[in-house]
Amino acid sequence: MSTAAASNTAASGSEAAAKPATAVPPSPPPPLTGTALVLGTVSLSLATFMNVLDSSIANVSLPAIAGDLGVSPGQGTWVITSFGVANAISVPLTGWLTQRFGAVRLFTLSVLLFVLASWLCGFASSLEMLVAFRVFQGLVAGPMIPLSQTLLLASYPRAKAGTALALWGVTTLVAPVVGPLLGGWITDNVSWPWIFYINVPIGLAAAAVTWGIYRHRETQRRKLPIDIVGLGLLVVWVASLQLMLDKGKELDWFASPQIVLLAIVAVVAFAVFVVWELTDAHPVVDLRLFKRRNFAFGALALSVAYGLFFGNVVLMPLWLQQWMGYTATNAGMALAPVGVFAILFSPLVGRKVSVWDPRRMATGAFIVFALVLWMRSQFTVQTDLMHVLVPTLIQGAAMAFFFIPLTTLTLAGLTPDRMPAAAGLSNFVRITAGAMGTSIATTLWDDRAALHHAHLTEPLTNGQGAFANVLASLQAAGMSAQQALAQVNRLIDQQAYTRAADDIFFGSSMLFLALIGLIWFTKRPPKIGGGAADAGGAH
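Quick note, the working numbering runs 3 ahead of the 1-based positions in the sequence shown.
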């Protein structure tokens, strides 16, 4: 009898994956220590940084890419759109893929495929090739961010989960700011393919170290049926929404039949998707997570705030480059100091998030964000670099107190088996909100600028007053009448776009204050032994 029992025990490992209701292992692997913990943190953070960086680094390189490939700048935007659409589709699949393949295998494979896709992007000789490789890159990049979060949380003791989130959060928030700076410098001083080639050594190192440290800490796998209908609906509505957001401004939004069609498809497919996923036995995306109060309100507050944050992150360098005379590199340098306080304060936030009330910490962050944006709403065409840097520095402190507490609240109390799905879904909502924030901010900027331009030109009468004097002075300086008018129009546009940016900064400031109410719909996790530790349900 004992021999049979031993045989059954030996076979149980191979049979476990085939059982439809495999339980979560009762004893998760212990936290990492020493060198393994340091190297594991660095490798996971590098992979996250590389992924987030790649979503923004190509933005400033678009003119060079379009010119080199012989296409218009409008066509070149597909380099950004294709990655965003593919990435948005694959992120929410993380939970299902993790159960099929295991977190460590899936993460390592994603990083290696991301490296391959980056290498192929650099070698692309036509726009069609580059877009195809960017789609591939976006698809394989999806699981990297949520799984890096899950694995990092599992690497630390429960009471130090806040520290893990702090280190992870810094890479996620600083990378979008560094991306344009690094992309601009590489494009100006080397060539655009190197914005993709730099991923190769970073990704290979991250994959090698991650596999070496984590391969013995693999999560349990389950063979689940493929939810083909849910997957198909996800692809349809996410692709339609992303294309609508990316192309809306270019096509004049709902004045375009194409945008109207995309909106209808997105809404209908999303409605059917929600009904299907809530009733299917093995959904490809676990929407039932939104039944949890903390997940629902935490993810909503985090996503809307991130959309506001990201929209303003995109708007600032556009304003600096187009209307304040900054180069791409200089604009990046003006915004780079945001990382100073973010890096300095993140370890403190990580240590205290399980002691202090994370709702109070997030509230403080929103108040500081509101202050920063109010300061920016006072910008004029005479604003110098120092006045641009001050709110940028202050914003770094808000970033540290923003991401970690809200992530802690969102993931609090989740069991280990739901962590990858929760991390994937919350990141998907956040990324989608970021795309919406960018589209809304840039569209409103143009609309408000047109309004301000009209108001500024109303009192001007050709041949009279100050307007006539300015034209006469410009013509006396050697300009033709047409050149003088163009110069005056440029000055009016500069004022109009600056005032429009001020409007958006002020509106965003007020919205951050309004969002504070959402935070307080969540429940405070228990102090040490709960709190951030519970957020790391992967332990």
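C-beta atoms are modelled at their ideal positions from N, C-alpha and C, and glycine is treated no differently.
None of these values were measured; they are calculated from a predicted model.
Judged by DSSP in its simplified three-state form, Pro462 adopts coil rather than helix or strand. Here Ala480 carries a coil assignment [DSSP, helix/strand/coil].
In this structure, the CA atom of Trp377 is about 6 Å from the CA atom of Phe508. In the DSSP annotation of this structure, the continuous segment of the alpha helix (DSSP H) that includes Gly314 starts and ends at 296–326. With three or more CB-CB distances shorter than 8 Å, the stretch 364–373 counts as touching the stretch 405–417. In terms of Cβ geometry, Thr446 and Gly314 do not form a close pair [threshold 7 Å]. Going by C-alpha positions, Met402 is about 37 Å away from Gln261.
Distance between Leu488 and Gln324, taken at the CA atoms: about 22 Å. Within 10 angstroms of the beta-carbon of Glu461 lie fewer than 16 other beta-carbons, which makes it exposed.
With a 10 Å radius around the Cβ and a threshold of 16 neighbouring Cβ atoms, Asn297 comes out buried. Sequence-distant partners of Trp523 (beyond 5 residues in either direction) whose C-beta falls short of 7 Å from its own C-beta, in its chain, are Arg362. In this structure, Gly73 is the residue among Gly73, Pro350, Phe293, Leu477 with its C-alpha nearest to the C-alpha of Ala127. In this structure, the straight-line span from the alpha carbon of Leu518 to that of Ala266 is close to 26 Å. Measuring C-alpha to C-alpha distances from Phe344 to each of Thr386, Pro95, Gln398, Gly335 identifies Gln398 as the nearest. Taking a contact as a CB-CB distance under 8 Å, the pair Met439 and Gly310 counts as one, their CB atoms being some 6 Å apart. Note that the stretch 191–198 does not touch the stretch 85–93; fewer than 3 beta-carbon pairs, one per stretch, sit closer than 8 Å.
Shown here, Glu253 sits in coil according to DSSP, grouped into three states, outside any helix or strand. In the assembly as shown, Met513 is an exposed residue. Its beta-carbon has fewer than 16 other beta-carbons within 10 Å.
Here the C-alpha atom of Ala258 lies approximately 14 Å from the C-alpha atom of Leu248. An exposed status is given to Leu264, since fewer than 16 other beta-carbon atoms sit within 10 Å of its beta-carbon. Taking Trp171 as the centre and dropping the five residues before and after it, the same chain places the C-beta of Gln152, Leu155 closer than 6 Å to its C-beta, in chain order. Short of 7 Å from the beta carbon of Pro423, and not among the five residues preceding or following it, lie these beta carbons of its own chain, in chain order: Thr97, Gly98, Thr101, Ala106, Pro149, Leu150, Thr153.
In this structure, Ile60 sits near Gly186, with a CB-CB distance shorter than 7 Å. Trp523 sits in coil when the DSSP states are folded into three classes, being neither helix nor strand. If you draw a 10 Å sphere on the C-beta of Thr435, you find 16 or more other C-beta atoms in it, and that means buried. Spanning the alpha carbons of Asp387 and Ile92 requires a straight line of approximately 42 Å.
By the C-beta density criterion, Gly43 is buried, having at least 16 other C-beta atoms within 10 angstroms.
Excluding residues up to 5 positions away in sequence, Leu133, Phe136, Arg137, Gln140, Pro196, Phe199 lie with their Cβ nearer than 8 Å to the Cβ of Cys124 in the same chain.
Ranked by Cα distance from Val317, the options Gly182, Ile205, Arg291, His458 are led by Gly182.
In terms of Cβ geometry, Ala299 and Phe293 form a close pair [threshold 7 Å]. In the structure shown, Trp195 adopts coil according to DSSP, grouped into three states. Spanning the alpha carbons of Asn90 and Gln485 requires a straight line of approximately 47 Å. In the DSSP assignment, Tyr217 falls within the alpha helix (DSSP H) that extends over 202–217.
When DSSP states are grouped into helix, strand and coil, Pro260 belongs to the helix group.
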